[in-house]
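Chemist: If you scroll down you'll find the structure; I have some questions about it.
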Amino acid sequence: MVKDDFDWKIIDLLQKNSRFSFAQISREIGLSPSAVAERIQRLEDENVIKKHISIIDPKKVGYSLKAYITFSIKDFQKYERFLESIEEFPEIIDCSRVTGNDCLIMKVVLVDNTHLENLVNRLSVYGSPSTSVVLSDILTNASLKFPRFDINI
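Under the UniProt record's numbering, the first residue of the sequence shown is numbered 1, with each subsequent residue one higher.
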């Protein structure tokens, strides 16, 4: 659990750069490196910080097409089979269960339109996919914003 503003500041800094050292964070927030290390360990143990990752630019590794796919699956058995097999679709980078006419929304990255068409065909076995191709990104942000403060680095 986040206990105070120091925890919030640590979270904010690590979201900006997960490679910051304890010493760098301590200089920014005014705690000792050992206190920072203890707080980060506690936040990890409590699963507030789930993991430290690198965010890759899909275009730089050959995936130039991004799309959102809404998915309607009326048959519960097909829905369960899809959820069990979702790992077989590496193109899916996010999938959420949603309210409304569709039951799922997925963010996918693909090489090209042919790749998208093939994915839609594979998904059609389970239900009715509907695609929206991303023309451009207006805001991309993997970190959560907390209105409690702002740290300028």
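We put the CB at the ideal spot given by N, CA and C, even for glycine.
1. Out of Ser34, Arg39, His52, Val2, which has the shortest C-alpha to C-alpha gap to Gln15?
2. Quick test of the definition: if touching needs 3 or more C-beta pairs under 8 angstroms, does the segment 113-132 touch the segment 67-80?
3. Candidates Asp94, Ser136, Glu44: which alpha carbon is nearest Ser18's?
4. What residue from Leu83, Val133, Thr114 has the CA that sits closest to Gly127's CA?
5. Note down, in chain order, each residue of its chain lying with its Cβ closer than 7 angstroms to the Cβ of Ile92, except the 5 sequence neighbours on either side.
6. Of all the beta strand (DSSP E) runs that stay within the bounds of the segment 41-115, which reach a length of 3 or more residues?
7. Return the CA-CA distance between Lys60 and Asp137, expressed in angstroms with no decimal places.
Modeler: With the given structure in hand:
1. Ranking Ser34, Arg39, His52, Val2 by Cα distance to Gln15 puts His52 first.
2. With the cut-off at 8 angstroms, the segment 113-132 and the segment 67-80 touch.
3. Considering only Asp94, Ser136, Glu44, the residue with the shortest C-alpha distance to Ser18 is Glu44.
4. Leu83
5. Ile86, Met106, Val108
6. 65-72, 92-97, 104-110
7. Approximately 16 angstroms between the Cα atoms of the pair.
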